[in-house]
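A.B. asks: Mind looking over this structure? Questions follow.
In our numbering, the protein residues as written are 799 to 906.
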């Protein structure tokens with residue numbers, strides 16, 4: 799009997815990569831991709847636990863789930879920092895901070 803592939807393992811891996819890559823986009827996309835990826839990974843984990851001998855791509859699922867968790871946690875932290883800065887400094891304060899950082903980079 800030929801080994802089957804877990805139905806969502808590749809999608810989980812892609813979402814994990816996207817979750818890590820989109821951390822710098824204010825964290826919101828990272829959190830969204832991370833949540834979807836973890837939910838899909840948990841579904842496939844249940845399938846794998848029922849009969850582990852018939853599935854062949856469990857490593858992709860594990861790596862994808864780890865990437866999703868990393869993206870979710872770091873993205874959530876980044877999102878909380880952005881929200882805190884906006885609440886304390888306001889939108890103008892955030893824009894001033896970004897302009898100051900860009901000005902410093904040009905000087906270096």
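The beta carbon of each residue, even a glycine, is placed where N, CA and C say it ideally should be.
Does the Cβ of residue 886 have 16 or more other Cβ atoms within 10 Å, making it buried, or fewer, making it exposed?
C.D. replies: Its Cβ having fewer than 16 others within 10 Å, residue 886 is exposed.
A.B. asks: Under three-state DSSP, which class holds residue 906?
C.D. replies: Here residue 906 sits in coil by DSSP.
A.B. asks: I'd like to know whether the C-beta atoms of residue 884 and residue 825 end up nearer to each other than 9 Å.
C.D. replies: The answer is no: Cβ separation not under 9 Å.
A.B. asks: Does the beta-carbon of residue 828 have 16 or more other beta-carbons within 10 angstroms, so that it is buried, or is it exposed?
C.D. replies: Classification for residue 828: buried.
A.B. asks: Would you call the CB atoms of residue 865 and residue 853 closer than 9 Å?
C.D. replies: No. Outside cutoff.
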